[in-house]
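Colleague: The structure follows.
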Amino acid sequence: MKTTYLPTVMAGLTITASLFPGSLAMAVQPPESAMKHNKPNVLFIVIDDLNDWVGCLGGHPQAQTPNMDRLAARGVVFTNAHVQAPLSNPSRSSVLTGFRPSSTGIYGLAPGIREIDATKNSVSLPQYFRRQGYFTAGFGKVFHDGSIPKELQKDEFDVWGPAPGMPIPEKKFIETPSPIKAMDWGVFPNDDRDQADWITAENAIAQLKSRPTDKPLFLAAGFRLPHVPCFASQKWFDVFPPENEIKLPGYLANDRDDVPFFSWYLHWDLPEPRLSWLKEANQWHNLVRSYLASTTFMDSQIGRLLDALDESGEASNTVIVLWSDNGWHVGEKDITGKNSLWKPSTRVPLIFAGSGVSSGDRCSQPAELLDIYPTLLELCGLPPNPELEGHSLKPQLSNAGAKRQWPAITTANRNSHAVVTDKWRFIQYADGSQELYDEQNDPNEWTNLASNPKYKKVITGLKKWLPKKNLPLAPGSAHRILEQKDNTWYWEGNPIKNEELPD
Ligand SMILES: [Ca+2]
Ligand SMILES: [Ca+2]
1234 MKTTYLPTVM AGLTITASLF PGSLAMAVQP PESAMKHNKP NVLFIVIDDL NDWVGCLGGH
1294 PQAQTPNMDR LAARGVVFTN AHVQAPLSNP SRSSVLTGFR PSSTGIYGLA PGIREIDATK
1354 NSVSLPQYFR RQGYFTAGFG KVFHDGSIPK ELQKDEFDVW GPAPGMPIPE KKFIETPSPI
1414 KAMDWGVFPN DDRDQADWIT AENAIAQLKS RPTDKPLFLA AGFRLPHVPC FASQKWFDVF
1474 PPENEIKLPG YLANDRDDVP FFSWYLHWDL PEPRLSWLKE ANQWHNLVRS YLASTTFMDS
1534 QIGRLLDALD ESGEASNTVI VLWSDNGWHV GEKDITGKNS LWKPSTRVPL IFAGSGVSSG
1594 DRCSQPAELL DIYPTLLELC GLPPNPELEG HSLKPQLSNA GAKRQWPAIT TANRNSHAVV
1654 TDKWRFIQYA DGSQELYDEQ NDPNEWTNLA SNPKYKKVIT GLKKWLPKKN LPLAPGSAHR
1714 ILEQKDNTWY WEGNPIKNEE LPD
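Per our numbering: the sequence shown = residues 1234 to 1736.
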């Protein structure tokens, strides 16, 4: 537990007690008569674009996330957990329906799950809990923004709470090559209470306090940071050393020389700046620091929510799950952003804690976010949903060393997949090109072993896990879409050619 910044940062906030796990949970017990149900509550915490730069995952040596770390300390953290899609809408759609992107055709930022036949009538995770007698409420970004039409929101949650957007200054701080206002980072706003994540925590806490006593609660809170714009007030920047002492992520010049050209297609013409631009504009250190600072602020809001749960007296009867919808490159392999099949895009925090979960364990077996749905059903004693494609993590939540037979699979656009085990990352793109990384000896994924005949057998074994079903793009697919027509690849409708490679 890092407490070094407690005096400067925690002053004035309500999370001081949160640094002492369990202190409040022990102190406050609800009156017996308040509990008129026998199922555990669920606290479902979603984060946007947080990679493995979390204290308990060790992805960045300077990361400061005391609240996620204390949650991990009282639960089980999956250190090899991966998203099913490295992008918000397909990732969240997968978690919330229990289906892989390749089984639904949802690969881009549209369509939403209620717009297509494959998932129109699927029972979403919150719907399942509601049908089992839970009172369900969601605040902030839980489903992808705009993916559920307003008139259908009441079918997903009993309370579909506000999902405030990030405050945006009049003028961008950083003039990135993209004019998109969100593509920005820096000290903003001055008052933490103006942040979307503060408001979301506030709303979720209010719901926790006014929960019905005759029903168990399924409470979802979706935080926006560290998704761009990576904003935080000055005190969260002050947690970190000055720019020249900020450590950059592992980077190898010419790292991309041994990766197939197709890998670049997944990033074609994105608004996130390339590393070459960050270097030229002298912004790499600043972006790393801003990403860390906005993460630490967001973490403090998770802390407020966890404290409120402890104060409610319901902590011991609540299952907590925390996850991020995709990771983020901050310069690795020459890019910033997501939508790649490499570790910075796919590895995310996945933490379970509370009722039915052992405490202080770390599981290094591969896990998928797809597993959240069946795991929560089992932890809460609800009947399984036979349609789901994930597998309950319950065995690992009682015994972190329990073997898991499945790898974690990430899909980016149609028929491009990564298969991750405890030893390997194997990638096969839609054009058949491949990458293979030895995660134990090459954790930065610098050396592509796919063309080395020595690993032919390894690849044959890993290939068996590639999804057999690869549905075409669902009707209405849009944004960050790669598709092939007449031997030409198109990025968002525009033809791309090898020789157009941007640096
Ligand atoms: Ca996201
Ligand atoms: Ca390389």
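No residue lacks a Cβ here, since even glycine has one placed at the ideal position from N, Cα and C.
Anyone know if the C-beta pair for F1585 and L1630 falls short of 7 Å?
Modeller: Stepping through the sequence shown from its first residue, residue 1585 is reached at position 352. Stepping through the sequence shown from its first residue, residue 1630 is reached at position 397. For F1585 and L1630, yes; Cβs fall inside 7 Å.
Colleague: Excluding the 5 residues preceding and the 5 following K1687 in the sequence, name in chain order all residues of the same chain whose CB lies nearer than 8 Å to its CB.
Modeller: Taking the first residue of the sequence shown as position 1, residue 1687 is located at position 454. Cβ within range, chain order: n/a, list empty.
Colleague: How close, in whole Å, do the beta carbons of L1734 and W1497 come, if the pair is a contact with beta carbons under 8 Å?
Modeller: Position 501 of the sequence shown, counted from the start, is the residue given in the question as residue 1734. Position 264 of the sequence shown, counted from the start, is the residue given in the question as residue 1497. Confirmed, Cβ separation roughly 6 Å.
Colleague: Assuming V1309 contacts S1591 (C-beta within less than 8 Å), just tell me the rounded distance between them.
Modeller: Stepping through the sequence shown from its first residue, residue 1309 is reached at position 76. Stepping through the sequence shown from its first residue, residue 1591 is reached at position 358. So it is a contact: roughly 6 Å between Cβ atoms.
Colleague: Answer yes or no: the CB of S1327 versus the heavy atoms of ligand 1, is any distance below 6 Å?
Modeller: Within the sequence shown, residue 1327 is the residue found at index 94, counting from 1. No, Cβ of S1327 sits at least 6 Å from all heavy atoms of ligand 1.
Colleague: What do you reckon, are the CB atoms on P1506 and T1433 nearer than 7 Å?
Modeller: What you label residue 1506 is simply residue 273 of the sequence shown in a count that begins at 1. What you label residue 1433 is simply residue 200 of the sequence shown in a count that begins at 1. Result no, Cβ atoms of P1506 and T1433 do not sit closer than 7 Å.
Colleague: Taking a cut-off of 5 Å, which residues have a beta-carbon closer than that to any heavy atom of ligand 1, in chain order?
Modeller: Those satisfying the condition are, in chain order, D1281, D1282, S1321, D1558, N1559.
Colleague: What do you get for P1582, buried or exposed, if any count of 16 or more other CB atoms within 10 angstroms of its CB means buried?
Modeller: Counting from one through the sequence shown, the residue named residue 1582 turns up at place 349. By the 10 Å Cβ count, P1582 comes out buried.
Colleague: D1491: beta carbon under 6 Å from a heavy atom of ligand 2?
Modeller: The residue you call residue 1491 lines up with position 258 of the sequence shown. Yes, ligand 2 has a heavy atom inside 6 Å of this Cβ.
Colleague: Could you check what DSSP says for A1633 in three-state terms: helix, strand or coil?
Modeller: By one-based count along the sequence shown, residue 1633 stands at place 400. Here A1633 sits in coil by DSSP.
Colleague: Compute the Euclidean distance between the alpha carbons of N1618 and P1607, then round it to the nearest angstrom.
Modeller: Taking the sequence shown and counting its residues from 1, one reaches residue 1618 at position 385. Taking the sequence shown and counting its residues from 1, one reaches residue 1607 at position 374. Straight-line Cα distance between these residues: approximately 7 Å.
Colleague: What are the boundary residues of the alpha helix (DSSP H) that E1389 is part of?
Modeller: Within the sequence shown, the letter at position 156 stands for residue 1389. Looking at the DSSP string, the run of the alpha helix (DSSP H) that includes E1389 is 1386-1389.
Colleague: Mapping DSSP to helix, strand and coil, what is T1551?
Modeller: The sequence position of residue 1551 within the sequence shown is 318, counting from 1. Reduced to three states, the DSSP call for T1551 is strand.
Colleague: In whole angstroms, what separates the C-alpha of Q1717 from that of P1708?
Modeller: Looking up residue 1717 in the sequence shown gives position 484. Looking up residue 1708 in the sequence shown gives position 475. Q1717 and P1708: Cα-Cα distance of roughly 15 Å.
Colleague: Give, in chain order, every unbroken run of the beta strand (DSSP E) that is at least 3 residues long and sits entirely within the stretch 1275-1342.
Modeller: Whole beta strand (DSSP E) segments, 3+ residues: 1308-1311.
Colleague: In terms of residue numbering, what span does the alpha helix (DSSP H) encompassing K1690 cover?
Modeller: Here residue 1690 refers to the residue found at position 457 of the sequence shown. Run containing K1690: 1689-1696, per the alpha helix (DSSP H) assignment.
Colleague: Mind reading off the beta-carbon distance from F1645 to L1574? Whole number of angstroms is fine, and I expect it under 8 Å.
Modeller: As a first step, residue 1645 must be located in the sequence shown, where it is residue number 412. As a first step, residue 1574 must be located in the sequence shown, where it is residue number 341. At residue 1645 the sequence reads Ala, which differs from the Phe that was named. Sure, about 5 Å apart at Cβ, within 8 Å.
Colleague: Closer than 7 Å by C-beta to V1563: which residues in its own chain qualify, once you throw out the five before and the five after it? Chain order, please.
Modeller: Along the sequence shown, read from residue 1 onward, the residue named residue 1563 stands at position 330. Once the five neighbours on either side are set aside, the close Cβ partners of V1563 are P1482, L1520, V1521, Y1524, T1569.
Colleague: First and last residue of the alpha helix (DSSP H) that includes L1441?
Modeller: On the sequence shown, position 208 is the one that residue 1441 refers to. Counting along the chain, the alpha helix (DSSP H) containing L1441 begins and ends at 1429-1442.
Colleague: Between which two residues does the alpha helix (DSSP H) carrying K1353 extend?
Modeller: For this step, residue 1353 is matched to residue 120 along the sequence shown. Where K1353 is concerned, the enclosing alpha helix (DSSP H) stretches over 1350-1353.
Colleague: Inspect the beta-carbon positions of R1713 and L1342 and report whether they are closer than 7 Å.
Modeller: What you label residue 1713 is simply residue 480 of the sequence shown in a count that begins at 1. What you label residue 1342 is simply residue 109 of the sequence shown in a count that begins at 1. Yes, the pair counts as a contact, with Cβ atoms nearer than the cut-off.
Colleague: Given a threshold of 16 other Cβ atoms within 10 Å of its Cβ, counted over all protein chains shown, does P1402 qualify as buried or as exposed?
Modeller: On the sequence shown, residue 1402 is found 169 positions in, with the first residue counted as 1. By the neighbour-count rule (16 or more Cβ atoms within 10 Å), P1402 is not buried but exposed.
Colleague: When you compare only the Cα positions, how much space is there between A1439 and A1454?
Modeller: On the sequence shown, position 206 is the one that residue 1439 refers to. On the sequence shown, position 221 is the one that residue 1454 refers to. Distance between the alpha carbons of A1439 and A1454 is about 12 Å.
Colleague: Count the other C-beta atoms from every protein chain shown that fall within 10 angstroms of the C-beta of P1263, then say buried if there are 16 or more, exposed otherwise.
Modeller: Numbered from 1 along the sequence shown, position 30 holds the residue referred to as residue 1263. With a pLDDT of only 41 at P1263, under 50, the local geometry of the prediction cannot be trusted, and the value read off the model is given with reservation. Exposed.
Colleague: Among the residues of its own chain, which have a CB less than 7 Å from the CB of K1405, if the five just before and after it don't count?
Modeller: Looking up residue 1405 in the sequence shown gives position 172. Taken in chain order, the residues that qualify are K1414, D1417.
Colleague: With respect to 6 Å, is the separation between the Cβ of D1655 and the closest non-hydrogen atom of ligand 2 below this value?
Modeller: As a position in the sequence shown, residue 1655 is number 422, starting the count at 1. No, ligand 2 has no heavy atom inside 6 Å of this Cβ.
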